[in-house]
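Take a look at the structure set out below.
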Amino acid sequence: MPEISKFYGQLPGRALALITEWMICHKDELLENWELLKNGEQFKKIKPLE
Numbered sequence: 031m032p033e034i035s036k037f038y039g040q041l042p043g044r045a046l047a048l049i050t051e052w053m054i055c056h057k058d059e060l061l062e063n064w065e066l067l068k069n070g071e072q073f074k075k076i077k078p079l080e
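When the count follows this note's numbering, it moves up by one through the sequence shown with no breaks and lands on 80 for the last residue.
Listed below in structure tokens is the structure:
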């Protein structure tokens with residue numbers, strides 16, 4: 031799965047912090063979706079940060 035570090039310096043600090051928080055909260059779901067997509071399957075929706 032691509033690393034968030036690709037976005038360092040490209041996004042404002044607050045946006046990067048929110049994205050990082052969301053990724054931490056949904057790590058398992060993101061990894062599951064990554065595997066689904068690698069296998070040509072449809073990904074599952076993930077809830078936004080609340």
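Yeah, the Cβ is synthetic: ideal placement off N, Cα and C, and Gly gets one too. It should be emphasised that the depicted structure is a prediction, and the values quoted were computed from it without experimental measurement.
inquiry  = Can you look up F95 in the DSSP assignment and give me helix, strand or coil?
reply    = Coverage of the chain is limited to positions 31 through 80, which leaves residue 95 absent and any answer about it impossible.
key: Cα-Cα separation between Y38 and I49, rounded to whole angstroms   = As a first step, residue 38 must be located in the sequence shown, where it is residue number 8. As a first step, residue 49 must be located in the sequence shown, where it is residue number 19. Using only the alpha carbons, I get a separation of about 11 angstroms.
query = If you drop the 5 nearest sequence neighbours on each side, which residues of the same chain put their C-beta closer than 8 angstroms to that of I34?
reply = Taking the first residue of the sequence shown as position 1, residue 34 is located at position 4. The answer, listed in chain order, is L46, I49, T50 and M53.
ask   = In whole angstroms, what separates the C-alpha of R44 from that of C55?
value = On the sequence shown, position 14 is the one that residue 44 refers to. On the sequence shown, position 25 is the one that residue 55 refers to. R44 and C55: Cα-Cα distance of roughly 17 angstroms.
query = Which residues in the same chain as K87 place their Cβ atom closer than 8 angstroms to its Cβ, once the five residues preceding and following it in sequence are excluded?
reply = One cannot answer for residue 87 here, as it falls past the ends of the chain, which runs 31 to 80.
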